[in-house]
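Novice: Dumping the structure here so I can ask a few things about it.
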Amino acid sequence: MARWFIIAGALLLAVGVLLHYAPWLFNWFGRLPGDIRIESERSRVFIPITSMIILSVVLSLLLSFFRR
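The letter at position 39 of the sequence shown is residue 73 when you use my numbering, and the numbering goes up by one with no holes.
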């Protein structure tokens, strides 16, 4: 279990460094077809359906790869 926490922490650190130094790498995330964005004068609603499906598939593949 401790090994998983170390791996998760290292991945979060890597993503944080990438977002800090190279934010243009993730500009596509949240702007895919199927992501719902509703903007009005008073409010803004963002529902990233397609982005979350892609993230879920990638994480499922990574977890199944590391379990073997």
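By construction, the Cβ of each residue, glycine as well, lies at the ideal position given by its N, Cα and C atoms.
Can Arg-71 be considered in contact with the ligand PLP, in the sense that its beta carbon sits closer than 8 Å to one or more heavy atoms?
Specialist: This structure simply doesn't include the ligand PLP, nor any ligand for that matter.
Novice: How many Å lie between Ile-83 and Leu-45 at the Cα?
Specialist: Approximately 23 Å between the Cα atoms of the pair.
Novice: Residues in its own chain within less than 6 Å of Ile-72 by CB, not counting five upstream and five downstream?
Specialist: Result list for Ile-72: Val-79, in chain order.
Novice: Since Glu-73 sits in a beta bridge, which residues does DSSP pair it with?
Specialist: Paired residue(s): Arg-78.
Novice: Assuming Phe-63 and Leu-53 form a contact by the criterion Cβ under 8 Å, report the distance between their Cβ atoms to the nearest whole angstrom.
Specialist: At roughly 10 Å, the Cβ-Cβ gap does not stay under 8 Å, so Phe-63 and Leu-53 are not in contact.
Novice: Quick check: what's the CA-CA separation for Leu-66 versus Leu-97?
Specialist: So the alpha carbons of these two residues sit roughly 24 Å apart.
Novice: Out of curiosity, what's the CA-to-CA distance linking Arg-88 and Glu-75?
Specialist: According to the sequence displayed, residue 88 carries Ile and not Arg. Rounded to the nearest angstrom, the two C-alpha atoms are 31 Å apart.
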